[in-house]
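Novice: Can you read through this structure? Questions will come right after.
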Amino acid sequence: MYTDEEQRFAAEIRAFVRAELPESVRAKVIDSGRVEPEERLAWHRALHRRGWAAPHWPVEYGGTGWSAVECYIFAETLAEEGAPDLGAFGLKMLGPTLMHYGSDEQKRHYLPRILSGEDIWCQGFSEPGAGSDLASLRTRAELVDGHWVVNGQKMWTTMAHEANMMFALVRTDPDAPKRQMGISMLLIDLATPGISIRPILLLNGERTTNEVFFDNVRVPPENLVGEPHKGWTYSRVILGNERLSIARIGLNRRQLAKLKRVAGAESMLDRPLFAAKVAGAEIELAALEAMALAMLERARAGEAPGIEANMLKIKGSELQQRLAELLVEATGRQAAPFGADAADPERPWAGALFKSHFDTRVVTIYGGSNEIQRNIIAKSLGLTGAR
Amino acid sequence: MATQPGPGAAAHDDAEIRALLRRSLETALARHYGFEQRRDAHATPAGHSAAAWAAYAEIGLLALTLPEAHGGLPGSLADIAMAAELMGGVLALEPYRATMVAARLLAAAGTPEQQAAWLPRLADGSARAALAHEEGAGRLDAPIATQAVRDGNGWRLSGRKAVVAGGDAADIFIVSARVDDAIGLFLVPAEQAVRRAYRCFDWTGAADLMFADITLPGDAKLAGGAGALARALDEATALACADAVGAMRAASRLTRDYACTRRQFGVPIVSFQVLQHRLVDMAIAVEMAAPITAAAIAACETADDPARIRAVSAAKVKADESARYIGQQCVQIHGGMGLTQEYPAAHFFARLGLFERAWGDSDEHLQRFASALSSRESLD
Chain A
1 MYTDEEQRFA AEIRAFVRAE LPESVRAKVI DSGRVEPEER LAWHRALHRR
51 GWAAPHWPVE YGGTGWSAVE CYIFAETLAE EGAPDLGAFG LKMLGPTLMH
101 YGSDEQKRHY LPRILSGEDI WCQGFSEPGA GSDLASLRTR AELVDGHWVV
151 NGQKMWTTMA HEANMMFALV RTDPDAPKRQ MGISMLLIDL ATPGISIRPI
201 LLLNGERTTN EVFFDNVRVP PENLVGEPHK GWTYSRVILG NERLSIARIG
251 LNRRQLAKLK RVAGAESMLD RPLFAAKVAG AEIELAALEA MALAMLERAR
301 AGEAPGIEAN MLKIKGSELQ QRLAELLVEA TGRQAAPFGA DAADPERPWA
351 GALFKSHFDT RVVTIYGGSN EIQRNIIAKS LGLTGAR
Chain B
1001 MATQPGPGAA AHDDAEIRAL LRRSLETALA RHYGFEQRRD AHATPAGHSA
1051 AAWAAYAEIG LLALTLPEAH GGLPGSLADI AMAAELMGGV LALEPYRATM
1101 VAARLLAAAG TPEQQAAWLP RLADGSARAA LAHEEGAGRL DAPIATQAVR
1151 DGNGWRLSGR KAVVAGGDAA DIFIVSARVD DAIGLFLVPA EQAVRRAYRC
1201 FDWTGAADLM FADITLPGDA KLAGGAGALA RALDEATALA CADAVGAMRA
1251 ASRLTRDYAC TRRQFGVPIV SFQVLQHRLV DMAIAVEMAA PITAAAIAAC
1301 ETADDPARIR AVSAAKVKAD ESARYIGQQC VQIHGGMGLT QEYPAAHFFA
1351 RLGLFERAWG DSDEHLQRFA SALSSRESLD
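So the sequences go chain by chain: A and B. FYI, in the numbering used here the residues of the first sequence are 1 to 387. FYI, in the numbering used here the residues of the second sequence are 1001 to 1380.
Have a look at this one:
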């Protein structure tokens, strides 16, 4: 497990969160409430002031120089403490991509703004016809008078309504011999004329995701990332980064603690059948954590994470769903009421549990669905014919 | 009919009547329950479709099995289950099952005066009823805390009932309460309860009720008690299973159709064997749930108490298991589309997910089945 020094490190982070994060925001995160953009930005700024907005970034760009193990402890401790997720799009996905493939001007302009929270990014990858099969995307960009002119539609664009910038994959060479080879990555200011954003209403009543339409949207040439038609390669790096931030040990630990609290309040731990399910989830978490630590051990030795990161994503997301489901089970019929003032005032925890169960279904869908993750693992195991 | 019909002919008539009811209801649902019509119905203050409710009444679905003297029509619980299944398939929002369970309980256990006062209005759809039994988290084995005490010629009722399905729309409640050491059932007009009405995550309506030491007349108590209540709860459970079976069938069909048309990697996603097997497992799950649900419905009508208890708990356990798998796979295979409000997949997930929580969950029914088993074996 953690060394003494690592434990001291975790304690320092925990103390910071408890001192800096308003209790009201922490409670919202734990109760699956809606964290307002201002609240998230305030937390982003607090982390930024401490120099912790992007610990995994190199020091020259404002990172910490921490080891992979320290970055892991940091992320998991934040999640366990109920800190709002800053969103992976800028800090974990675009930032590292620009460091590798961006122009000097792009790095100078965008990285500090990502770090400070001044720019909020969304990801324009998925389309109505391109989900798991991202390479089939159709949004086009043509070079006209030196500008990229974008036409098409993106879908499931999480946070587009709160973001001011989007990094998007667009088709720039429809005649490329392979579909993957004709795709470029553009940085698009969402205030550009010709962009319209339509919210997608989910059954939970929230508008967290969107459709984004492009009608002759002019993007300046300097907003191309790297070389034209190489966007697919860059996106693989991005999705790899998304995968790494998705093991969710700290979040699952927090949810397990909540499950025990709710189950205790509902006198459910006296029921052997239910108590056994809680125990099963706890053991699953212990196994997952041991797996993550083994991966870290290899990271300490300088190895890059391999296919076990995909395995962690699969099992971590499934455990997250299991815990959400058990929370609903623990509160029984009281999980049904939904909406303002619907929940029993004596069970303040009950109102959002089914919503949280519903919301959690997405974690095996986004970031490369678990079916796609299994395909990737199948390939790496040498199972022939795996797609 | 001129000649005396034999038992075979009666069964034939029953089947014919049910087929007729089925066709009528299918026609009514096709007319009133498009997905957008459902959304619009949900947006009304009542939260469900007045037109659909009127159609149920017109077809006679609300009168089924009730005494003909009070406006009822002949039929069986299986007819009601058939209707519930079709309504589950379109995610209907009206309190049909709630009203039927309460009306049948009133017909079975109410006094002649109570029946005469309420059954005609329930049978013609001008009033709705609900059985208010569950408290707290609705655990099957939780003792009833609501209490009724004698007060002169009348009764005083105090307690709280939680998440009463259809309780938002009911005009009359049948409330279970402790009376000394026994269980009593009381007819309580809605205006006498402090009612907190709301919608559930699946868009159906419900209510919490509070009785703050209210006074009821002496004739508010039903003639029947614990036995009638137990039977009504089992009927409610079996009918909920029937509704879920309808939702499962529709969710499986929706998912299959989506997988057949959604293309990724140049092919319909249904061509991937991993998805084929899941769709097969969904089909198996439907077929595992439907017949055992029909058996539970039949047991509610014909079996003795221990056999009925076992049949209903068995159906709930299997239907829960199938509902969980189908609801979750329906969302997963649809991807992001499976979470939106504008498409039925998420609504099926919600309905099936809350079905699992209604009328006792799988663990409680497993436990009840096991207890029934051991008590029966110890008798042998």
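We treat Cβ as the ideally placed atom computed from N, Cα and C, and that holds for glycine.
What does P337(A) touch in chain B if you count any residue whose Cβ is under 7 Å from its own?
Specialist: Neighbours of P337(A) on chain B, chain order: V1163, Y1198, C1200, A1206.
Novice: Rounded to whole angstroms, what's the CA-CA distance from G316(A) to A1251(B)? Just pull it up for me.
Specialist: Going from the Cα of G316(A) to the Cα of A1251(B) covers about 27 Å.
Novice: Look at the alpha carbon of V25(A) and the alpha carbon of A19(A), and state the distance between them as a whole number of angstroms.
Specialist: The alpha-carbon atoms of V25(A) and A19(A) are separated by roughly 13 Å.
Novice: Using a C-beta to C-beta distance shorter than 8 Å, which residues of chain A count as neighbours of G1335(B)?
Specialist: By Cβ distance, chain A contributes G131, S132, I365, S369.
Novice: Buried or exposed, going by whether 16 or more other CB atoms sit within 10 Å of the CB of H1334(B)?
Specialist: It counts as buried.
Novice: For L1064(B), which beta-bridge partners are listed by DSSP?
Specialist: BP columns for L1064(B) point to L1073(B).
Novice: Which value, in whole angstroms, describes the spacing of the CA atoms of I1017(B) and A1290(B)?
Specialist: When rounded, the distance between both Cα atoms is 21 Å.
Novice: For the pair the region 158-172 of chain A and the region 130-140 of chain A, tell me if three or more CB-CB distances fall below 8 Å.
Specialist: Result yes; three or more Cβ-Cβ pairs closer than 8 Å.
Novice: Could you give the distance in angstroms between the alpha-carbon of P272(A) and the alpha-carbon of Y1325(B)?
Specialist: Going from the Cα of P272(A) to the Cα of Y1325(B) covers about 23 Å.
Novice: If E289(A) and T364(A) are in contact, beta carbons under 8 Å, what's the gap, nearest whole angstrom?
Specialist: Actually they are not in contact, since the Cβ atoms of E289(A) and T364(A) sit about 20 Å apart, beyond 8 Å.
Novice: At which residues does the beta strand (DSSP E) containing K178(A) begin and terminate?
Specialist: Element bounds for K178(A): n/a, residue is neither H nor E.
Novice: Can you check which of these residues, A1247(B), D1305(B), E1191(B), is closest to T1167(B) by C-alpha distance?
Specialist: One point to set straight first is that residue 1167(B) is Gly, not Thr, in the sequence displayed. G1167(B) has its Cα closest to that of E1191(B), out of A1247(B), D1305(B), E1191(B).
Novice: Based on the DSSP output, what are the partners of E142(A) in its beta bridges?
Specialist: Beta-bridge pairing links E142(A) to V149(A).
Novice: Quick one: does D1304(B) have its CB under 8 Å from some CB of chain A?
Specialist: By this cut-off, D1304(B) is not an interface position.
Novice: In chain order, which continuous runs of the alpha helix (DSSP H) of length 4 or greater are located wholly inside the region 247-286 of chain A?
Specialist: Whole alpha helix (DSSP H) segments, 4+ residues: 249-265.
Novice: With a Cβ-Cβ cutoff of 8 Å, do K355(A) and I30(A) count as a contact?
Specialist: Cβ distance not < 8 Å, so K355(A) and I30(A) don't count as in contact.
Novice: Does the beta carbon of H1347(B) come closer than 8 Å to any beta carbon on chain A?
Specialist: Chain A contact via Cβ: present.
Novice: Have a look at A1046(B) and A1169(B) and give me their C-alpha separation to the nearest angstrom.
Specialist: Their Cα atoms are separated by approximately 7 Å.
Novice: Report all residues from its chain with a CB closer than 6 Å to the CB of A1127(B); omit the five preceding and five following residues, and keep chain order.
Specialist: So the qualifying residues of the chain are R1121, D1171.
Novice: Please report the residue range of the beta strand (DSSP E) in which I197(A) lies.
Specialist: Taken as a continuous stretch (DSSP letters only), the beta strand (DSSP E) holding I197(A) covers 195-200.
Novice: Kindly identify the DSSP beta-bridge partner or partners of A1123(B).
Specialist: Bridge partners of A1123(B): none, in fact.
Novice: Write down the C-beta distance between A1081(B) and A1238(B) rounded to the nearest angstrom, noting that I regard them as a contact closer than 8 Å.
Specialist: About 7 Å separates the two Cβ atoms, so the contact holds.
Novice: Taking 8 Å as the CB-CB cut-off, is R1231(B) touching chain A?
Specialist: So no, R1231(B) is outside the interface.
Novice: To the nearest angstrom, how far is the alpha carbon of A1294(B) from that of D1243(B)?
Specialist: Going from the Cα of A1294(B) to the Cα of D1243(B) covers about 11 Å.
Novice: Under 8 Å, Cβ to Cβ, is there at least one residue of chain B near E39(A)?
Specialist: Chain B, which has no Cβ nearer than 8 Å to the Cβ of E39(A), makes this no.
Novice: Examine chain E for any beta-carbon lying closer than 8 Å to the beta-carbon of Q1332(B), and answer yes or no.
Specialist: Chain labels in this structure do not include chain E; the protein chains are A and B.
Novice: Measure the alpha-carbon distance for A1296(B) versus A275(A) and round it to whole angstroms.
Specialist: Each residue's Cα considered, the two are about 29 Å apart.
Novice: How would you call T1027(B), buried or exposed, if buried means at least 16 neighbouring beta carbons within 10 angstroms?
Specialist: Counting Cβ neighbours within 10 Å, T1027(B) comes out exposed, since fewer than 16 surround it.
Novice: Okay, do the region 174-193 of chain A and the region 212-230 of chain A touch, 3+ Cβ pairs below 8 Å being the bar?
Specialist: The region 174-193 of chain A, when compared against the region 212-230 of chain A, does touch it at the 8 Å Cβ threshold.
Novice: Output the boundary residues of the beta strand (DSSP E) element that contains W1053(B).
Specialist: Here W1053(B) belongs to no beta strand (DSSP E); instead the alpha helix (DSSP H) covers 1050-1059.
Novice: From what residue to what residue does the alpha helix (DSSP H) around E1301(B) run?
Specialist: Per DSSP, E1301(B) belongs to the alpha helix (DSSP H) from 1273-1302.
Novice: Around the C-beta of F214(A), are 16 or more other C-beta atoms found within 10 angstroms, so that it is buried, or is it exposed?
Specialist: Label assigned to F214(A): buried.
Novice: Mind listing which residues of the region 1233-1267 of chain B have their C-beta closer than 8 Å to chain A's C-betas, in chain order?
Specialist: From the region 1233-1267 of chain B, only R1263, Q1264, F1265, G1266 have a Cβ closer than 8 Å to chain A.
Novice: Which residues in the same chain have their Cβ closer than 6 Å to the Cβ of R243(A), if we skip the five residues on either side of it in sequence?
Specialist: Per-residue confidence for R243(A) stands at a pLDDT of 47, beneath the threshold of 50, marking its modelled position as unreliable; no derived number is given.
Novice: Is it buried or exposed, G1227(B), if we count other Cβ atoms within 10 angstroms and call 16 or more buried?
Specialist: It counts as exposed.
Novice: Just to confirm my understanding: we take E1364(B), look at its own chain, exclude 5 residues before and 5 after, and list those with CB closer than 8 Å. What are they?
Specialist: The residues are R1139, L1140, D1141.
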